[in-house]
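Colleague: When the count follows the working numbering, it moves up by one through the sequence shown with no breaks and lands on 120 for the last residue.
I am attaching a structure below and will ask some questions about it afterwards.
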Amino acid sequence: MYGRMCILANWAGIPAHYSQTPHEYLQAITVAAPDEATTLERFEDIYVRELWASPTSAEHPRNSGEVNELPSLWQRLQPRLFFYAFKHPHVLKVLPRQSWKLLRQLWAKRRARRTIEQDL
Numbered sequence: 001m002y003g004r005m006c007i008l009a010n011w012a013g014i015p016a017h018y019s020q021t022p023h024e025y026l027q028a029i030t031v032a033a034p035d036e037a038t039t040l041e042r043f044e045d046i047y048v049r050e051l052w053a054s055p056t057s058a059e060h061p062r063n064s065g066e067v068n069e070l071p072s073l074w075q076r077l078q079p080r081l082f083f084y085a086f087k088h089p090h091v092l093k094v095l096p097r098q099s100w101k102l103l104r105q106l107w108a109k110r111r112a113r114r115t116i117e118q119d120l
């Protein structure tokens, strides 16, 4: 789920840098979704302990049952990040152009298909 979050955040113009820790990166994402700061902090806590806690310790999210919280955290974060990505200036600039390009290609294929069918 951290990977999905990184992809959406990257689309929103918040790229992950190699030097950033999960804490630093999720703090950058918090700027985009300040209302979800507590959710992001909870997600970060679970993610970091999943990576670094001993698998046999009681603090590991799989042993404490906190892993079960992740789907609900993701359901809460995904729409917010998707909406933020959709509002990003690059997306607003490129999306209409790419949509029209796709429609023109579909119309051209349809016209070509009709021409071939009429010739037969």
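C-beta: ideal position from N, C-alpha, C; glycine also.
If you follow the alpha helix (DSSP H) that His23 is in, where does it begin and where does it stop?
Modeller: Residue mapping note: residue 23 aligns to position 23 of the sequence shown, counting from 1. His23 -> alpha helix (DSSP H) spans Pro22 to Ala32.
Colleague: Once you ignore the five residues that flank Glu69 on each side, which residues in its own chain have a CB closer than 8 Å to its CB?
Modeller: Along the sequence shown, one-based indexing puts residue 69 at 69. Within the same chain, Glu69 has close Cβ partners Arg42 and Ile46.
Colleague: Just confirm the distance between the C-beta atoms of Ala9 and Leu81, as a whole number of angstroms; I'd bet it's less than 8 Å.
Modeller: Position 9 of the sequence shown, counted from the start, is the residue given in the question as residue 9. Position 81 of the sequence shown, counted from the start, is the residue given in the question as residue 81. Ala9 to Leu81, Cβ: 6 Å. Contact.
Colleague: Below 8 Å on the Cβ atoms is my guess for Arg76 versus Thr39; work out the distance and round it to an integer in Å.
Modeller: The residue given as residue 76 occupies position 76 in the sequence shown. The residue given as residue 39 occupies position 39 in the sequence shown. Confirmed, about 5 Å.
Colleague: Let me check understanding here. Comparing Cα to Cα, which of Pro89, Ala12 and Thr115 lies closest to Val31?
Modeller: Sequence index remark: in the sequence shown, residue 31 carries index 31 (1-based). Selected option, being the one with the closest Cα: Ala12.
Colleague: Alpha carbon to alpha carbon, how far is Gln27 from Tyr2? Give it in angstroms, no decimals.
Modeller: Along the sequence shown, read from residue 1 onward, the residue named residue 2 stands at position 2. Along the sequence shown, read from residue 1 onward, the residue named residue 27 stands at position 27. When rounded, the distance between both Cα atoms is 14 Å.
Colleague: From Arg62 to Ile14, what does the alpha carbon distance come to, in whole angstroms?
Modeller: Position 62 of the sequence shown holds residue 62. Position 14 of the sequence shown holds residue 14. Using only the alpha carbons, I get a separation of about 29 Å.
Colleague: What is the DSSP secondary structure of Ser19, counted as helix, strand or coil?
Modeller: Here the question's residue 19 lines up with position 19 in the sequence shown. Ser19 falls in the coil class under three-state DSSP.
Colleague: Taking 8 Å as the CB-CB cut-off, is Pro71 touching chain D?
Modeller: Given the protein chain composition of this structure (a single chain), no chain D is represented.
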